[in-house]
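Adding 11 to a residue's 1-based position in the sequence shown gives its number in our numbering.
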Amino acid sequence: MRRTGDRLRIAGQLIDTSTGAHLWADRFDGTLANIFDLQDLVASSIVGAITPKVEEAEIERAKRKPTESLDAYDYYLRGLAAFDRTITNRSVTDEALRLFMKAIERDPEFAIAYARAARCYATRKSNGWMANPAEEIAEATRLARRAVELGWDDAVALSYGGYVLGYVGGDLDDSAACIDRALFLNPNLAAALGTSSWVKACLGEPDKAIEHAALAMRLSPLDPRLFAWQFNTGLAHFCAGHYEDAAAWAARSLRHQPNYPSAMRVMAAGQVMSGRTAEAQGTIARLCQLDPALRLSNLADILPPFRRPDDRNRYIEALRMAGLPE
Numbered sequence: 012m013r014r015t016g017d018r019l020r021i022a023g024q025l026i027d028t029s030t031g032a033h034l035w036a037d038r039f040d041g042t043l044a045n046i047f048d049l050q051d052l053v054a055s056s057i058v059g060a061i062t063p064k065v066e067e068a069e070i071e072r073a074k075r076k077p078t079e080s081l082d083a084y085d086y087y088l089r090g091l092a093a094f095d096r097t098i099t100n101r102s103v104t105d106e107a108l109r110l111f112m113k114a115i116e117r118d119p120e121f122a123i124a125y126a127r128a129a130r131c132y133a134t135r136k137s138n139g140w141m142a143n144p145a146e147e148i149a150e151a152t153r154l155a156r157r158a159v160e161l162g163w164d165d166a167v168a169l170s171y172g173g174y175v176l177g178y179v180g181g182d183l184d185d186s187a188a189c190i191d192r193a194l195f196l197n198p199n200l201a202a203a204l205g206t207s208s209w210v211k212a213c214l215g216e217p218d219k220a221i222e223h224a225a226l227a228m229r230l231s232p233l234d235p236r237l238f239a240w241q242f243n244t245g246l247a248h249f250c251a252g253h254y255e256d257a258a259a260w261a262a263r264s265l266r267h268q269p270n271y272p273s274a275m276r277v278m279a280a281g282q283v284m285s286g287r288t289a290e291a292q293g294t295i296a297r298l299c300q301l302d303p304a305l306r307l308s309n310l311a312d313i314l315p316p317f318r319r320p321d322d323r324n325r326y327i328e329a330l331r332m333a334g335l336p337e
């Protein structure tokens, strides 16, 4: 920390002592007059920035170990490494699910492994990959409920388990309760804020959704889940009737995950509702190349569980106007 007059500068750095690798660094400026605000900013920034970097470092460490010696946490980290590469590759998602289930076999009380396994089923749903929807929805819900039961004091397990209960299980009230508890346990956890932005959008609270997504992105700007929070922001803007903003945020999400169908749907809906019909038709054409079976008639299988009927009706009508086949 340096002080010049009433000005303060605080610098921080995180090093992995086992490898010497630089994981994180930042600096913060303020004044003595706002010392407590500066203290809060430093604390929240460190928590948000360090968590994904430590995860990345642990993933790399797990990769260096021989497969034969992996324990439950190693399987979990290997699953996380696979899942974070992409959510638009079916084989990668299947491999992540297999590894998370291996972690559960090694430790049947590993709450976050249940939550991440359940999250793989949510990815299958959003991409239209469920071969047997009834069975897979039941399994995803079972895993998510086990995650939140075992992890009632684990903010990460509550965040992802709660998300799956909402999106796959269709229970927005339980979803919101789990995610709210995650935020109670750790108000600076970007994952909890990110999933909260999704559930708030679905509940018809777009302003709060946008606020939570923005805070998640500020706390963890290099997070591998950034694309999801950008999508959530676009979804919230659509619910609020801000169609240009909806399309713009969905486009940002697609820059990180170019084949992300959820973002394509929001982008097409925002484009057509803001009068950009030709662009919307082009987006729908891309979407249908990824998911040729998608139709208005089966759209309900993958839609977010909107609480407000008007949000759902406008979204479906927008996709109809954009050219999604009947």
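Cβ coordinates follow ideal geometry from the N, Cα and C atoms, glycine included.
Buried or exposed for GLN241, going by 16 or more other Cβ atoms inside 10 Å?
When all chains shown are included, GLN241 counts as buried.
Are the stretch 121-130 and the stretch 143-156 touching, with three or more C-beta to C-beta distances below 8 angstroms?
Look at the beta carbons and you see the stretch 121-130 touching the stretch 143-156: at least three pairs across the two are nearer than 8 angstroms.
Going by DSSP, what residues sit across from ALA22 in a beta bridge?
Note: ALA22 sits in a beta bridge opposite ARG38.
Just checking my contact of LEU301 with ASN270 at CB under 8 angstroms: how many whole Å lie between their CB atoms?
Contact check for LEU301 and ASN270: beta-carbon distance about 6 angstroms, within the 8 angstroms limit, so the pair qualifies.
Could you tell me if GLU216 is buried or exposed, where buried requires 16 or more neighbouring beta carbons within 10 angstroms of its beta carbon?
Its Cβ being crowded by 16 or more others within 10 Å, GLU216 is buried.
In this structure, does DSSP put THR15 in helix, strand or coil?
THR15: strand per DSSP, three-state reduction.
Cβ-based burial, LYS74 [other Cβ within 10 Å; buried from 16]:
Only weak support exists for where LYS74 lies, its pLDDT of 45 falling under 50; the value from the coordinates is given anyway. It counts as exposed.
Helix or strand or just coil, what does DSSP make of SER99?
As written in the sequence, residue 99 is Thr, which differs from the Ser given in the question. In this structure, THR99 counts as coil in the three-state DSSP scheme.
Could you tell me the distance, in whole angstroms, from the CA atom of ALA225 to the CA atom of ALA261?
So the alpha carbons of these two residues sit roughly 14 angstroms apart.
Measuring CB to CB, does LEU246 end up less than 7 angstroms from ALA227?
In this structure, ALA227 does not lie closer than 7 angstroms to LEU246 by Cβ.
Out of THR206, ASN199, VAL179, ALA201, point me to the one whose CA is closest to CYS189's CA.
Ranking the options by Cα distance to CYS189, first place goes to THR206.
Check GLY347 in the structure and name its three-state DSSP category.
Any answer about residue 347 is impossible in this case: the structure gives the chain only from 12 up to 337.
Which of the three DSSP states is assigned to ASP164 in this structure?
Three-state DSSP puts ASP164 in coil, outside helix and strand.
Express the C-alpha separation of ASP184 and LEU214 in angstroms, rounding to a whole number.
Going from the Cα of LEU214 to the Cα of ASP184 covers about 9 angstroms.
Given that a residue counts as buried once 16 or more other Cβ atoms are within 10 Å of its Cβ, and exposed if not, what is ASP321?
It counts as exposed.
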